[in-house]
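Numbering (my numbering), first residue to last: 143 to 219. Only one structure is covered here, and it is reproduced in the block below.
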Amino acid sequence: DVASFDTETFLVDSTDPTDLVDVLDEVAGSPGSWINVEPDVDDSLRADVPGLFAWFSARGSQVPVATFVAGSGRNVP
């Protein structure tokens, strides 16, 4: 089986993060869900690690990405 997931892209106004907070709240209530958050940067300004060396480099994209993962609901001592 191949996992499938829904993808949604939207912009968040830096002066009103209400939409982002709403999505984080939705994801937090869905164990196994996650959201990636990154700044809106023109693709021509992105500098990725080139080719094969990307597999062996600890250096990733120049654009930071934050990932929020919903809790699993398990009891942790």
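Heads up, the beta-carbon is just placed ideally off N, CA and C, and yes, glycines get one too.
Between which residues of its own chain and residue i is the CB-CB distance below 8 angstroms, once the five residues before and five after are set aside?
i	result
Thr209	Trp176, Ile177, Asn178 and Val179
Which whole-angstrom value describes the C-beta separation of residue i and residue j, a residue pair presumed to lie in contact below a C-beta threshold of 8 angstroms?
i	j	result
Asp161	Val169	In fact, because the Cβ distance is near 13 angstroms, the residues do not count as touching under 8 angstroms.
Ala212	Pro173	5 angstroms
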